[in-house]
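S.K.: Here the protein sequences come in this chain order: A and B.
Heads up, the first sequence stops at 57 in numbering that gives the first Met the number 0, and the numbers go up one at a time, no gaps.
Heads up, the second sequence stops at 142 in numbering that gives the first Met the number 0, and the numbers go up one at a time, no gaps.
Where is the CB? At the ideal position from N, CA and C, for every residue including glycine.
Predicted model, so just to flag it, every value in this text is computed and none were measured.
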Amino acid sequence: MTPSHFTAVLLFALCASVVFGITMRDTPRRMFRYGLYCFALFVGSAIVLSWVMFLIAR
Amino acid sequence: MATPPNRIPAAGRPAARPNAQGGFVYLPLIAGWLVPGAGHFLLRKWGRGALLAASILGMFILGLAMQGKLYTSAHDILEILSLVGDLCNGLAYFVTRALGIGADQVQVTTADWGSRFIVVAGLLNVISAVDAHNLRTGRKPLE
Chain A
0 MTPSHFTAVL LFALCASVVF GITMRDTPRR MFRYGLYCFA LFVGSAIVLS WVMFLIAR
Chain B
0 MATPPNRIPA AGRPAARPNA QGGFVYLPLI AGWLVPGAGH FLLRKWGRGA LLAASILGMF
60 ILGLAMQGKL YTSAHDILEI LSLVGDLCNG LAYFVTRALG IGADQVQVTT ADWGSRFIVV
120 AGLLNVISAV DAHNLRTGRK PLE
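(1) Quick one: does P140 (chain B) have its CB under 8 Å from some CB of chain A?
(2) Compare the C-beta of A102 (chain B) with all C-beta atoms of chain A and state if any pair is closer than 8 Å.
(3) Please name the residue, chosen from B:T71, B:Q66, B:L141, B:D85, that lies closest to A120 (chain B) on a Cα-to-Cα basis.
(4) Tell me the rounded alpha-carbon separation between Y36 (chain A) and A45 (chain A).
(5) Who are the neighbours of T22 (chain A) on chain B, taking C-beta pairs under 7 Å?
(6) Just to make sure I have the definition right: I need the residues of chain A whose C-beta is within less than 7 Å of the C-beta of R47 (chain B). Which are they?
(7) Among B:M58, B:P4, B:L41, which residue has its Cα nearest to the Cα of W112 (chain B)?
(8) For chain A, is any of its Cβ atoms less than 8 Å away from the one on W112 (chain B)?
(9) Ignore the nearest five residues each way along the sequence and tell me which others in I21 (chain A)'s own chain have a CB closer than 8 Å to its CB.
(10) For the ligand MG, is there a heavy atom less than 7 Å away from the beta-carbon of S114 (chain B)?
(11) Quick check on the DSSP output: the alpha helix (DSSP H) that includes N124 (chain B) runs from which residue to which?
(12) Would you please verify whether the beta carbon of A11 (chain A) is less than 8 Å from any beta carbon of chain B?
(13) Would you check if there are 3 or more beta carbon pairs closer than 8 Å linking the segment 32-40 of chain B to the segment 126-137 of chain B?
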């Protein structure tokens, strides 16, 4: 299995966010919201850092 | 925006809804470490347990599918930490080692990601097991 880097990021973020959401909050609604928040942070920070590294390398 | 964190009962005061149950108090913790989600299953939290098991085992299997390395020995501090992370996967680690699945050496780029997937799956498994323990002791309310 050879996923692209971005696919690997999405898979990693999805699995980690599910666990974070369930373990860090105590009601289903708050779990879902926190999981979504973590997923957005994982993916968003990966995109931002990728652009920063791209600009530094130029 | 993040939701506010859980309320933790003040020290010395019992939890608002103690989850009083008989039996060995560390059983969900140990079961959760050995099999991802099992701690929650023991507490009859079927949905949470299934999601945790799917996420953690999914991450572990994805790591193996990417030819991730299973650490069997450690020669420096990074390898020791990775080995500890792998061991946190519980039975999944021992079964895959016994079956000879998993790469011995990282040879392609995806294998490096796979190794990290396996280590992080173990760390998430520990978080999940501790959550089951908190549910069992009443530190986290059973909804």
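M.R.: Put simply:
(1) yes
(2) no
(3) B:D85
(4) 14 Å
(5) I126, S127, D130
(6) I21
(7) B:M58
(8) yes
(9) M30, G34
(10) Of the ligands one can find in the structure shown there are none, so the ligand MG has no counterpart to examine.
(11) 108-136
(12) The displayed chain sequence assigns Phe, not Ala, to residue 11 (chain A). At least one chain B Cβ lies under 8 Å of F11 (chain A).
(13) yes
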